[in-house]
Each structure stands twice: as C-alpha cells, then as structure tokens.
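Residue numbers (the numbering used here): 73 to 426.
Report on the structure given below.
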Amino acid sequence: MKRVFQNLCLTFFSILFAFGLAEGFLRIYRSQYSLKNYLEEKKTLLHSSYPVQFDPKLGWIPKIGFSGDHNFWGTQVAIGAKGIRSNGHPQIFIFDNSVLAIGDSYTFGDQVSDHETWPALLENLLKRPVLNGGVFGYGIDQSYLRAQQLITEFHPEILVFSFVPDDIRRCGLSARASANKPYFEKQGDQLLLHTEHLHPPESIGEIHGIRKLLGYSYLIHSVMHQLAPVYWYEGRWSSQVAHQDEEWVACRLLRNLEMEIQKSATHQLIILAQYPRSPKPEEYALVNRVLTCLQDPNTKIVDLKNPLQEVKSKSPSRYQKFFSGHMTREGNEFVAQQLIKVFQDQPSQQNVMK
Numbered sequence: 073m074k075r076v077f078q079n080l081c082l083t084f085f086s087i088l089f090a091f092g093l094a095e096g097f098l099r100i101y102r103s104q105y106s107l108k109n110y111l112e113e114k115k116t117l118l119h120s121s122y123p124v125q126f127d128p129k130l131g132w133i134p135k136i137g138f139s140g141d142h143n144f145w146g147t148q149v150a151i152g153a154k155g156i157r158s159n160g161h162p163q164i165f166i167f168d169n170s171v172l173a174i175g176d177s178y179t180f181g182d183q184v185s186d187h188e189t190w191p192a193l194l195e196n197l198l199k200r201p202v203l204n205g206g207v208f209g210y211g212i213d214q215s216y217l218r219a220q221q222l223i224t225e226f227h228p229e230i231l232v233f234s235f236v237p238d239d240i241r242r243c244g245l246s247a248r249a250s251a252n253k254p255y256f257e258k259q260g261d262q263l264l265l266h267t268e269h270l271h272p273p274e275s276i277g278e279i280h281g282i283r284k285l286l287g288y289s290y291l292i293h294s295v296m297h298q299l300a301p302v303y304w305y306e307g308r309w310s311s312q313v314a315h316q317d318e319e320w321v322a323c324r325l326l327r328n329l330e331m332e333i334q335k336s337a338t339h340q341l342i343i344l345a346q347y348p349r350s351p352k353p354e355e356y357a358l359v360n361r362v363l364t365c366l367q368d369p370n371t372k373i374v375d376l377k378n379p380l381q382e383v384k385s386k387s388p389s390r391y392q393k394f395f396s397g398h399m400t401r402e403g404n405e406f407v408a409q410q411l412i413k414v415f416q417d418q419p420s421q422q423n424v425m426k
C-alpha cells in the first residue's frame, strides 16, 4: 500500500508539474500574465467590467462619466461626453481642426491606459485634438452608425475610420458577447437597418464551483473555449448570426460613408486597416477585398499589413512587443507613426500606403 501511495503521489505531482509548465509556457507565449479569472471576464458584454452602458441605437457605448481602473487589465480609463474616451488630460472639444477616430477595441485602446491609445499618441504628434470615438466589440456596421452620430455632433475636419478583419464578420451578427447589436440586412441593392431587437440587458447569475476555480487557468480556459464553449460559458459569451452577407454589407457601408463625407463638413476620410498579432491569410484577403470596395479617389487608405510584416521580419522581438492580446503602447505608437505620414502626405503622392 505504501508503494501504491508513493506511485500515486509521484503521478499526481508529475501531472501537476507538467500542467504548470504548460500553463506558464502558454501564458508567456500569449503574453497573459494577469491573475484574473478568465471565465469571469467572459460575462455578457453589458455585464462585464468594461465601462459600458446600453445604447438603444448602437447596442452599447462606453459609460459616460466613468473614471477609474475597474477593468480586467487595471488600466486607467476615463469616459467623457458622448462616450468619448479621454486622451489622458481634461477633454476640451474643439470643433475646428479636430480629428475623429472611430473603430473597435483597437481604437478604444483595450489593455492600455488613456494616454497610451493610438488616438492619444496621434494627438501628441499632430498637436491638434483627436477625439477617441472607438468602442470595444464594434463591427463595421456599428462603427458606421457611430461615425454618423459623432460627425453630426463634433463636425471634425478629418475622420479616421479603423477596423480589424473580425469587424467585417461582425456585420453578419445580431448579437455579440450575448449583447444585441444593430445590423444591416441586404435587400436587393439596398441596406435595411435592424434595431428593433435592442433592449436593456437582463440580470445574470454568478459563476460558482469548480468552473469558477478553473477559470483562473489560462490553459484550461483556452482549451474549454475551443472544445466545450456551450458548457464553459453557459450562454454568457454567445453570438447570433443574422445573415451571411457580412462582406457585402461592410463594402456597401464604407461606400456610403465615402458619399456622406463628400456631403458633410468633414474634409478628409482615412480608412485604417489594423490586424491582430497573428492574422491568417484569409483575413488579409478579406480586408483587401473590402478595401477595394472604396471608390472615392480622395479617400486615403492606411493598410498596416506590409508595415507590420516588415517589422516582424526585421525584428521579431520588437513585433512581439506591439501586442498583448490587443496592442500595447509600443504598438499604438507604431500605428500613430504610420498615420502621421498620411497627414504629412502631399497631394501629388499616392493616397494608398502599404
């Protein structure tokens, strides 16, 4: 019996040691050093620790008046009027000569503090106001609707409209992270906007027991996310597909945006294509197809594909420092530096940077 007990202990501690090695390796590889509960993070978007509030037209916006570090990354976040994120100093909305940044979490600046987002860093380079209108979780459809609202509100001179590959796919969803979102449906050659399903969030229960304990493991969370998401999330982080025309819708919305910019007081539209740390070839192809939908020769396109690939090939270590899930301060500095080239561009030069 003593020998059996010793073998069982040896087996147990060997498994525990191997698990610890795997957990540590994956965390280092994915730059996940937090002790947060990864399962708790995946509450419905409108119940998460994001500074978020329900919006009857957009689904959700950053919570107006929020200020603090109550989020999963402990970063400083301050939200002003109309859900505009602070750039690290008191917001003074200057309508003349301002730049409006629209996009998803890469624009909002998940995982970095107010002064470390690319809109804040671009403002430092430009020496002119840059309003951060980015919202976490948005698709191109929601970003389009938010751009319409904020252009009317702030009358910016320049609009920078950013997206990542997944924002295109989100155009086919009626709900993301268990939060209902507006979406456009293709009807012939027209777009039909659906907002009738948007409603304030219902309450949800807390996670208890072994699932909550295991949620602190990034390894277990990653495996369960892939193998058993229904059990793991219990419906807390689900998406609802409305249609399969997301690429067509994204193209049409960007064309509409071009036409609306031509008729507004905004003088310039800049389309910024951003990417996650490890994009797939099909994501590059998807973004390229959507960018080719743009028709106005005055629209400037900043596609970060080649600039990022160049950094990755020349200095892999520097490239890794650009990302920690979303972009780090170093990554956002790179984005701002790429954008500043467009502002310094001469009319005779090409309007596409690649």
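Each residue gets a CB set at the ideal place from its N, CA and C atoms; glycine is no exception.
Check                                                                                                                   : Outcome
For Tyr255, three-class secondary structure by DSSP                                                                     : strand
Residues of its chain near Leu117, where Cβ-Cβ distance is below 6 Å and the 5 sequence neighbours each way are ignored : Gly209, Ala249, Ala251
Contact between the segment 96-107 and the segment 272-287 (3+ Cβ pairs under 8 Å)                                      : no
Exposure of Ala192, with buried meaning 16 or more beta-carbon neighbours within 10 Å                                   : buried
Own chain, CB closer than 6 Å to Lys195, minus 5 neighbours either side, in chain order                                 : Per the sequence shown, the amino acid found at residue 195 is Glu instead of Lys. Cβ neighbours of Glu195 beyond the five flanking positions: Asn159, Val202.
Burial state of Phe226, where buried means 16 or more other Cβ atoms lie within 10 Å                                    : buried
Environment of Gln316 [buried if 16+ CB atoms lie within 10 Å]                                                          : exposed
Same chain only: Cβ atoms within 6 Å of Asp176, ignoring 5 sequence neighbours per side                                 : Tyr210, Asp239
Coil, strand or helix - Val236 by DSSP                                                                                  : coil
Option in Pro128, Gly146, Ala314, Gln334 with minimal Cα separation from Arg241                                         : Ala314
Exposed unless 16 or more other CB atoms sit within 10 angstroms - verdict on Met296                                    : buried
Segment contact, 8 Å Cβ cut-off, at least three pairs: the segment 335-343 with the segment 368-382                     : yes
Sufficient close CB pairs (3 or more, under 8 Å) joining the segment 375-384 to the segment 327-336                     : no
Distance between beta carbons of Leu363 and Val232, contact taken as under 8 Å                                          : So it is not a contact: roughly 15 Å between Cβ atoms.
In chain order, each alpha helix (DSSP H) run of at least 4 residues that lies wholly inside the segment 325-401        : 353-363, 377-386, 388-393
Nearest candidate by alpha-carbon position, reference Ile133, set Gln298, Arg200, Ser86, Pro254                         : Pro254
Integer-rounded CB distance, given that Cys243 should sit under 8 Å from Glu318                                         : 4 Å
Cβ neighbours of Ile156 in the same chain (closer than 7 Å, five flanking residues each side left out)                  : Gln163, Leu203, Asn204, Gly205
First through last residue of the beta strand (DSSP E) which encompasses His266                                         : 262-266
Option nearest Asn143 by Cα separation, candidates Phe126, Asp127, Gly181                                               : Gly181
Environment of Cys81 [buried if 16+ CB atoms lie within 10 Å]                                                           : exposed
Per-residue burial, Met425 [other beta carbons within 10 Å of its own, 16 or more giving buried]                        : Caution is warranted here: a pLDDT of 37 is assigned to Met425, below 50, making its placement in the model unreliable, and no coordinate value can be reported.
Contact check, Gly152 vs Ile136, beta carbons under 9 Å                                                                 : yes
Rounded C-alpha distance that separates His398 from Lys74                                                               : 51 Å
Inter-residue Cα distance where the pair is Trp145 and Lys199                                                           : 29 Å
Cα-Cα separation between Gly131 and Arg390, rounded to whole angstroms                                                  : 37 Å
Segments assigned alpha helix (DSSP H), at least 4 residues, entirely inside the segment 109-163                        : 110-113
Residue(s) in a DSSP beta bridge with Asn204                                                                            : Arg157, Ala173
Alpha carbon of Phe84 to alpha carbon of Ile100, nearest angstrom                                                       : 24 Å
Beta-bridge partners of Val313, as assigned by DSSP                                                                     : Leu245
Limits of the unbroken alpha helix (DSSP H) element including Val76                                                     : 74-102
Leu231 (DSSP reduced to helix, strand or coil)                                                                          : strand
Closest Cα partner of Ala345 within the set His280, Thr224, Ser234                                                      : Ser234
C-alpha gap between Lys129 and Val414, whole angstroms                                                                  : 32 Å
Asn423, DSSP secondary structure in three states                                                                        : Any reading at Asn423 needs caution, since the residue's pLDDT is 38, under 50, leaving its predicted position unreliable; the model's value is listed next. Of the three classes helix, strand and coil, the one that applies to Asn423 here is coil, per DSSP.
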